[in-house]
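Novice: Note that the working numbering has the sequence shown beginning at 7, numbered continuously upward.
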Amino acid sequence: MNDKLHPHLQLSTSMIPIPKIRPGDMVLWHCDTMHAVDSIHRGQSDSSVFYIPAVPLCEMNVKYLAQQRDAFLQGIPPPDFPG
Numbered sequence: 007m008n009d010k011l012h013p014h015l016q017l018s019t020s021m022i023p024i025p026k027i028r029p030g031d032m033v034l035w036h037c038d039t040m041h042a043v044d045s046i047h048r049g050q051s052d053s054s055v056f057y058i059p060a061v062p063l064c065e066m067n068v069k070y071l072a073q074q075r076d077a078f079l080q081g082i083p084p085p086d087f088p089g
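1) Restricting to Cα atoms, I'd like to know which of Ala72, Gln80, Phe87 and Asn8 is closest to leucine 63.
2) Can you find a heavy atom of the ligand ADP that lies under 6 Å from the Cβ of leucine 71?
3) Return the chain-ordered list of same chain residues with a C-beta closer than 7 Å to the C-beta of leucine 17, the five sequence neighbours on each side being excluded.
4) What span of residues does the alpha helix (DSSP H) with serine 20 cover, start to end?
5) In angstroms with no decimal places, state the Cα-to-Cα distance between alanine 42 and arginine 75.
6) How long is the line joining the alpha carbons of valine 84 and phenylalanine 78, rounded to whole angstroms?
7) DSSP three-state label for methionine 66, please.
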């Protein structure tokens, strides 16, 4: 992604880095916002990202999880990600 291909996103001003992190720090972001990682890993050891989904138990999420389960069992994409 870049400003030339997506000028409406204003990536050069809307993407900001997180502060320096240390072991034990935690970074959270919302799944509906974009995020990026450095295109070149400059560290001396492996680097990884671990995603832990958080799903509050509410009526809307219970309905969605049932629809997602049914789609999975049928081998099709979930209703919010057709295609």
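Using N, Cα and C, we set each Cβ at its ideal position, and we do this for glycine too.
Specialist: The relevant details are as follows:
1) Selection Ala72, Gln80, Phe87 and Asn8 evaluated against leucine 63 yields Ala72 as nearest (Cα-Cα).
2) Among the ligands in the structure shown, none appear at all, so the ligand ADP cannot be discussed.
3) Correct list, in chain order: Met7, Asn8 and Asp9.
4) Per DSSP, serine 20 belongs to the alpha helix (DSSP H) from 17 to 20.
5) Roughly 29 Å separates the two Cα atoms.
6) Strictly speaking, residue 84 in this sequence is proline, with valine absent from that position. Approximately 7 Å, taken between the alpha carbons.
7) Methionine 66: helix per DSSP, three-state reduction.
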